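Novice: So for the sequence shown, this note's numbering puts the first residue at 128; every next one is plus one. Ideal placement from N, C-alpha and C gives every residue a C-beta, glycine not left out. Predicted model, so just to flag it, every value in this text is computed and none were measured. Here it is, the structure, as structure tokens.
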Amino acid sequence: MVENAIFTLKTQIMATLTLVIVPAKRLSDGTHKIRIRVAHNSETRFITTDIVVRENEFKNGKIVHRPDKDFLNTDNHAVSCQSVAEHYCMDGKQLQSQYKDHLSDFQNWDQRAHAQEYILYPKNMGYRLCIDETALSKGDLYTILINRDKRGRKGSIIAVIQGTKADDIIAVLTKMPQE
Numbered sequence: 128m129v130e131n132a133i134f135t136l137k138t139q140i141m142a143t144l145t146l147v148i149v150p151a152k153r154l155s156d157g158t159h160k161i162r163i164r165v166a167h168n169s170e171t172r173f174i175t176t177d178i179v180v181r182e183n184e185f186k187n188g189k190i191v192h193r194p195d196k197d198f199l200n201t202d203n204h205a206v207s208c209q210s211v212a213e214h215y216c217m218d219g220k221q222l223q224s225q226y227k228d229h230l231s232d233f234q235n236w237d238q239r240a241h242a243q244e245y246i247l248y249p250k251n252m253g254y255r256l257c258i259d260e261t262a263l264s265k266g267d268l269y270t271i272l273i274n275r276d277k278r279g280r281k282g283s284i285i286a287v288i289q290g291t292k293a294d295d296i297i298a299v300l301t302k303m304p305q306e
């Protein structure tokens with residue numbers, strides 16, 4: 128469960144999901160299947176949904192002229208793989224697995240070996256820091272070190288460390304490269 132919580136932290140800011148139709152993949156009756164374009168690390172992959180639209184029902188990444196258009200269109204904010212999957216009548220576990228195994232480069236992630244205990248982002252270090260404790264899942268406490276100058280935006284997390292004991296936190300933070 129800790130791995131899933133950390134995976135969620137890592138992935139929600141890394142991929143861009145967009146609805147598209149691929150003109151070259153037109154069905155025999157002239158309709159198109161909606162695809163979810165997943166862009167990550169300069170790679171693009173497409174996940175086909177079961178939603179079929181006519182070409183005039185799709186414009187600028189949005190479904191238009193349909194009674195269910197409000198339900199089918201997505202917002203431009205971070206959502207979980209499970210939410211995206213439910214929204215498009217897909218298997219959430221399969222979508223998360225596809226993202227985790229193929230697009231996120233999770234298997235080659237340099238912090239994968241110790242991600243259960245801590246994650247460090249030394250490039251996010253700054254002069255004004257904030258330390259906080261939070262429970263990510265099932266009451267497990269984590270200490271989070273944040274660069275206050277980033278004001279909670281991308282690049283603000285410096286460290287996520289399992290537990291709240293000062294000695295454990297110090298031991299992990301001393302592993303950060305000195306610059």
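1) Just checking, does the segment 279 to 293 make contact with the segment 235 to 247 on the three C-beta pairs under 8 Å criterion?
2) Return helix, strand or coil for L300, following the three-state DSSP convention.
3) What does the alpha-carbon distance come out to for the pair I296 and I246?
4) DSSP on Q223, reduced to helix/strand/coil?
5) From L268, D259 and I273, pick the residue whose C-alpha is nearest to that of K250; which is it?
6) Does the contact criterion of 3 or more C-beta pairs under 8 Å hold for the segment 188 to 199 versus the segment 144 to 164?
7) Closest by CA to K292, which one among K281, D276 and D259?
8) Cutting at 8 Å between CB atoms, please list the residues of its own chain near I271, excluding the five before and the five after it.
9) Mapping the DSSP letters down to three states, classify V211 as helix, strand or coil.
Specialist: The answer reads as follows:
1) yes
2) Walking along the sequence shown from the start, residue 300 turns up at place 173. It is helical.
3) Translated into positions along the sequence shown, residue 296 becomes position 169. Translated into positions along the sequence shown, residue 246 becomes position 119. So the two alpha carbons sit approximately 12 Å from each other.
4) Numbered from its first residue, the sequence shown carries residue 223 at position 96. Three-state DSSP puts Q223 in a helix.
5) Walking along the sequence shown from the start, residue 250 turns up at place 123. Checking every option, the nearest Cα to that of K250 belongs to I273.
6) yes
7) The residue given as residue 292 occupies position 165 in the sequence shown. Ranking the options by Cα distance to K292, first place goes to D259.
8) For this step, residue 271 is matched to residue 144 along the sequence shown. Excluding residues within five positions, the ones whose Cβ falls inside 8 Å are I258, D259, E260, T261, I284, A286, V287 and I288.
9) Residue 211 sits at position 84 when you count from the first residue of the sequence shown. Reduced to three states, the DSSP call for V211 is helix.
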